[in-house]
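Down below is the structure, laid out as structure tokens.
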Amino acid sequence: MSKTISGFSKLSKSEKIDWLVNAYFDKQEDTKTILKQYWNSNDKLQQLHDEFIENTITNYYLPLGVAPNFLINDKLYTIPMAIEESSVVAAASKAAKFWLDRGGFKTSVISTTKIGQVHFIYKGDHARLKEYFNTVKSKLLEAVKPLSKNMEKRGGGILDIELRDKTAAIPDYFQLHVSFETADAMGANFINSCLEQFAKTFKSEALNFEGFTTEEANIEIVMSILSNYVPDCLVRAEVSCKVEELTENKSIPADVFAKKFIQAVKIAEIEPFRAVTHNKGIMNGIDAVVLATGNDFRAVEAGVHAYASRSGSYSSLSHAKIEDGIFTFWMEIPLALGTVGGLTNLHPLVKLSLEMLDKPNAKELMQIVAVAGLAQNFGALRSLTTTGIQEGHMKMHLMNILNQLEANPEEKTAIVNHFKTHTVSHSAAVEALEKLRQ
Ligand code: MEV
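In this text, residue positions in the sequence shown follow the working numbering: the first is 781, and each later residue adds one.
Given below as structure tokens:
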């Protein structure tokens, strides 16, 4: 059976599966059974998922968990999180409860501007290009009116178009650098459609511009695309309390804990090897909510990490200080999120997640997501600077180990009880289970 195929996308789902299992699997019937186990028995729901992407063969499940007790600007939330890593939801819940008793999280949206660019090549006099840009700018805006009309009704639209000269880096390379407000939409489709229209109009109008020579009028569009770098779509999240209130971990005095915590943050501020892991912990919280609310976590990841490098050296996204006896821990991050469009109206669990959050607008969702990131970071740093991360991690991971070992419910209860007072490791779990089974 050939491992290549043409016209695959035109086959029916079962034909696709037949070809795949014949070409790549030894136990063909077993493979088909697994794939079908993950189909939804509700045909309509299954079809919806089949049609999200091309070549769907089954569904890939992640758990959807919730972290309750998040107090954000005096409003209570239970936050939905879609994630596979065992300790994330537990850590978020614990941090939420901790800050619930200390005034909760305070957040604000700093800015909501998004960026898109038309990248083009122009061979000619720079002053004449500037002149052309100034004449064509209003025509560019006019040309996207059919696209921007609706967005303007919702409070969004095109904020500005700039001509940027990048010829110092690449010969003849220029950009139309466009800023957008996309209201409650993440805005990728709106931005990209506007950019493609700008590119068309910019190229065609150049042929009519009398100031250009024939060569100059031949503007070459390279590409038109939004940027996932959104340093001006920023949200801030913060917690603070008196140093003496940082008392939850009895093994360490509050002031010692506060100082150690701040030291850990300072290390992440100056040491990229640590900063990447520190920020990964933040993204544990952020991605889980971004995914649960049907947003694009790859876009968020790309934008956040670029922002973490904006000084030229990769650094911590969060910061901490003690001032006048008050401990403050905060973060400012770029988040381009939507609560309309995309999956938000399509995926039943996304709709449910947004309803759980009281149907937030995009700005509210930015604040909730930032809080999930800060809470996660707080939880990780608290463990790291006190008990170490493995204690909690391995306790949560124990269930995965027991499932791998095919422990039955009674065995699971007994082993979980055993590890309340013993250190969890893979080999210790195997040993304990073997002993129990003897
Ligand atoms: C694990 O997923 C995340 C942590 O490594 C984050 C951190 O080190 O801050 C615990």
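Think of the CB as a built atom: it goes at the ideal place given N, C-alpha and C, for glycine as much as any other residue.
Small disclaimer: the values here were computed from a predicted structure and weren't measured.
By the CB criterion at 8 Å, F954 and T962 fall outside the cutoff.
Using a C-beta cut-off of 8 Å, the segment 1017-1034 makes no contact with the segment 923-936, since fewer than three inter-stretch Cβ pairs fall below that distance. In the DSSP assignment, the residues bridged to A862 are L844. In this model, Y912 and A968 are separated by some 28 Å (Cα to Cα). Using a Cβ distance threshold of 8 Å, A1152 and G1118 do not count as a contacting pair.
Contact between T981 and A923 is confirmed by a C-beta separation of about 4 Å, below the 8 Å threshold. Between the ligand MEV and the CB of E865, the shortest heavy atom gap is smaller than 7 Å.
Comparing alpha-carbon positions, the option among F960, V1149 and H1198 lying closest to M931 turns out to be F960. Taking the Cα positions, L1145 is about 46 Å away from G904.
In this chain, the beta strand (DSSP E) harbouring C1021 covers L1014 to K1022. Looking at I1047, T887 and E831, the one whose alpha-carbon comes closest to that of Y1094 is I1047. With at least 16 other beta carbons inside 10 angstroms of its own, G896 counts as buried. Note: I895 is bridge-paired with S959 in the DSSP secondary-structure output. One Cα belongs to E1000, the other to V1120, and the distance between them is close to 35 Å. Residues I797 and V801 of the same chain have their beta carbon placed closer than 7 Å to that of K812, with the five preceding and five following residues left out of the count. For the pair of segments examined, the segment 1127-1143 was found not to touch the segment 1037-1055: the number of CB pairs separated by less than 8 Å stays below three. Set against 7 Å, the gap from the CB of A1160 to the closest heavy atom of the ligand MEV is smaller. In this structure, G1061 has its beta carbon less than 7 Å from a heavy atom of the ligand MEV. DSSP, read as helix, strand or coil, puts D1035 in helix.
Residue nearest to S821 within the set N839, K894 and I1181 is N839 (criterion: CA-CA distance). In the DSSP assignment, R944 falls within the beta strand (DSSP E) that extends over G937 to D945. For N1064, the shortest C-beta to heavy atom distance toward the ligand MEV is below 7 Å. Leaving aside the five residues that flank K917 on each side, the residues in its chain whose CB is nearer than 8 Å to its CB run, in chain order, I941. The continuous beta strand (DSSP E) containing L1006 extends over residues E1000 to L1006.
Where H1198 is concerned, the enclosing alpha helix (DSSP H) starts and stops at P1189 to H1198. Taken through DSSP and simplified to helix, strand or coil, K903 comes out as coil. Residue environment analysis places R1162 among the buried positions, since at least 16 neighbouring C-beta atoms fall within 10 angstroms of its C-beta. Along the segment 1064-1102, the alpha helix (DSSP H) occurs as fully enclosed runs of 4 or more residues at 1077-1088, listed in sequence order. The ligand MEV approaches I1169 closely enough that one of its heavy atoms is under 7 Å from the residue's Cβ.
In terms of Cβ geometry, S1007 and F978 do not form a close pair [threshold 8 Å].
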